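J.:
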Amino acid sequence: MSYQSVNPNTGKQLKSFEHMSTAQLQHALSTAQTCFQSWKNTSYADRAAVLSRAAVLLRAHVDDFAKLATLEMGKRIDEARGEVAFSADILSYYAQHGQAFLAPVELAPEQGEARMESSPFGVLFCVEPWNFPYYQLARVAGPQLMAGNVLVVKHAGNVPQCAIAFEKLLLDAGAPAGAYTNLLITHEQANQVIDDPRIKGVALTGSVGAGRSIAARAGKALKKTSMELGGSDAFIVMDDADLERTIPWAVWGRMYNAGQTCCAAKRFIVQAGIADRFLDRFMSALSQLQVGDPMDKRTTHGPLSSEAALLQLLGQVDAAVENGARLLMGGKRIDRPGSFMEATILTDIRSDNPAFRDEFFGPVVSFHRVKDEAEAIALANNSDFGLGGSVFTQDVARGNRIAGQVDTGMMFINNLHWSDAALPFGGVKNSGYGRELGNLGIQEFVNKKLVRAGDFAAPV
Ligand code: NAP
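Count along the sequence shown from 1, then add 672; that gives the number in my numbering.
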């Protein structure tokens, strides 16, 4: 199927785009390869100037970029504005810090002198999801362009207009042709791109299924990958939690971006002593959300990204109930045009229920009661995923102790400040490997070259 831009608030098609021809794809790859030969020798200052100009343009046109995301994938307009602004922050962050992160590191061998130098790999292939149609692109473009790599990017099939807008942004900011190229391609063409000898690394953010397919293909070609995959993060509430502060995070953590965030709070693990009070207040807060057009600032509960996403989620909820789970609220589509799902809470999810292990990518809470800290940690760890997680308690030492024992890439204590340009983002287990953002994010596709000097005599 070609790239379809459909408004999930109305179900109406906005635009569609044909896939690239083989000749167009080959041209894009050779332009990227040619660009790399000069971009790798472009000074850090000049690379930073492009990223800084792109950040300025994003901030100047925040509403235009935001409206496009809201139209194409249903993100609430204020959230979309926030995403655009944060994307600009990421580009600025790498413009400012990239050179220092990649500065040569002097080593201390017993003999002679040695240093580690950083140099870019070359053309990278990035495959990105629709749920953050700009932030996901900024997360690869900022660090990788600053490192001297160039990018060819396959964005998700439902956000072609955002994908094209981001490519234009970088060209408008002065990036040379081939530094950042949007590819409108099929999965089969994506495989050909992975196999192409001009591609030196592959970065995916997406589902576990896509991860298996793309990492396997890249592995066969011996190309380095980074994988940012799904999650089923625990939101642990201990019996001493301050509910005044915890409930707003619970609502935000599950409902932000209509629940379609990799590191959203998905499994609510609540200590028995506070569980009823937590549940009462959580259900009451969820039932007060205002369903409506995501373009309207008053809306607090928007649509899912597509009809297909809604149908998949409804199917998962039905399967959960058929396998013994109990619905505490919601569970159905909302009776209005567009792809809207009720805020939903499932409980009594036994470990043999598929819902126990699956990721719910939308406004569906899995609610679990536990007797104590040890049981909370064991349940949090009983997951195939290991992206993030959070713990709410007024005892900070207890929060740190629990965070230290949950097997994920990120833990948050009394907050869900998931993403920060300066801090690493990523997971373990089926949530993938590698990190984006922060210093680690710029090191993923960089050759760490040892240079050793010393007038040593050859061994005889
Ligand atoms: P998805 O189906 O895996 O799609 C993500 C991207 O991969 C899209 O561009 C998609 O293209 C492409 N793709 C999928 N299968 C492919 C294949 N076999 N070959 C080549 N390309 C392929 O993911 P989604 O369900 O739309 O997105 C949500 C998932 O992403 C969730 O699991 C979420 O947790 C995860 N996610 C993770 C992070 C993180 O940082 N860890 C961040 C955001 C989202 P098409 O659209 O053309 O199919």
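Ideal Cβ positions, reconstructed from N, Cα and C, are used throughout, including at glycine. Since this is a predicted model, take the numbers as computed values, not measurements.
Any heavy atom of the ligand NAP inside 8 Å of the beta-carbon of Gly881?
T.: Under cutoff, so the answer is yes.
J.: By alpha-carbon positions, which one of Gly1060, Arg870, Glu1045, Thr714 ends up nearest to Ile1074?
T.: Taking only the C-alpha atoms, the option nearest Ile1074 is Glu1045.
J.: Does DSSP put Leu985 in a helix, in a strand, or in coil?
T.: Of the three classes helix, strand and coil, the one that applies to Leu985 here is helix, per DSSP.
J.: Please report how far the alpha carbon of Phe1057 lies from the alpha carbon of Gly1099, in whole angstroms.
T.: Distance between the alpha carbons of Phe1057 and Gly1099 is about 8 Å.
J.: Taking DSSP as the reference, what is the three-state secondary structure of Ile857?
T.: It is coil, neither helix nor strand.
J.: Apart from the five residues on each side of it in sequence, which residues of its chain come closer than 6 Å, Cβ to Cβ, to Lys687?
T.: For Lys687, where only same-chain residues beyond five positions count, the Cβ hits under 6 Å are Ser677.
J.: Looking only at its chain, what residues have a beta carbon closer than 7 Å to the beta carbon of Ala893, apart from the 5 residues adjacent to it on each side?
T.: So the qualifying residues of the chain are Ile866, Asp867.
J.: Which residues share a DSSP beta bridge with His1040?
T.: Answer is Ile941.
J.: Hey, out of Glu785, Ala922, His1040, Leu743, whose CA is closest to Pro680's CA?
T.: Minimum Cα distance to Pro680 is reached at Leu743.
J.: Which residues does DSSP list as the beta-bridge partners of Ala906?
T.: Arg939, Gly1061, per the DSSP bridge assignment.
J.: Just the Cα atoms here: how many angstroms apart are Leu982 and Ser1011?
T.: Cα to Cα, the separation comes out at about 6 Å.
J.: Quick one: does the C-beta of Ser885 sit closer than 8 Å to a heavy atom of the ligand NAP?
T.: Within the cutoff, so yes.
J.: With a CB to CB cut of under 6 Å and the five nearest residues on each side skipped, what residues in its chain are close to Arg753?
T.: So the list reads Val734, Ala738, once near-sequence residues are dropped.
J.: So, is Glu994 buried or exposed, given that buried needs 16 or more other C-beta atoms within 10 angstroms?
T.: Per the 10 Å Cβ criterion, exposed.
J.: Residues in the same chain with beta-carbon distance under 7 Å from Met899, minus the five sequence neighbours each way, listed in chain order, please.
T.: Only Leu876, Gly883, Ala887, Gly1104, Tyr1105, Gly1106 meet the Cβ criterion.
J.: Do you know whose CA, among Val880, Phe797, Asn821, lies nearest Ile857's CA?
T.: Considering only alpha carbons, the answer is Phe797.
J.: Which value, in whole angstroms, describes the spacing of the CA atoms of Gln705 and Val824?
T.: Those two C-alpha atoms are separated by around 10 Å.
J.: Terminal residues of the continuous beta strand (DSSP E) containing Gly620?
T.: Nothing in the structure corresponds to residue 620, since the chain is present only between 673 and 1132.
J.: Using C-beta distances below 6 Å, list every residue in its chain close to Asn1053, excluding the 5 sequence neighbours before and after it, in chain order.
T.: Within the same chain, Asn1053 has close Cβ partners Asp1079.
J.: Alpha carbon to alpha carbon, how far is Phe689 from Leu1051? Give it in angstroms, no decimals.
T.: About 45 Å.
J.: Under DSSP, the beta strand (DSSP E) around Gly873 begins and ends at which residues?
T.: That run of the beta strand (DSSP E) goes 871-877.
J.: By a C-beta neighbour count over all protein chains shown, 10 Å radius and 16 as the cutoff for buried, is Leu901 buried or exposed?
T.: Buried: at least 16 other Cβ atoms inside 10 Å.
J.: Report the residue ranges of all alpha helix (DSSP H) runs contained in full by the region 712-762; include only those spanning at least 4 residues, in chain order.
T.: DSSP runs (the alpha helix (DSSP H)) wholly in the region 712-762: 716-732, 734-745.
J.: Can you round the beta-carbon distance between Ile946 and Asp911 to whole angstroms, since I take them to be within the 8 Å contact cut?
T.: Between Asp911 and Ile946 the Cβ distance is about 4 Å, and since that is below 8 Å, they are a contact.
J.: Am I right that Pro776 and Met788 are in contact with their C-beta atoms under 8 Å? What's the rounded C-beta distance?
T.: The pair is a contact, with the Cβ atoms about 7 Å apart (cut-off 8 Å).
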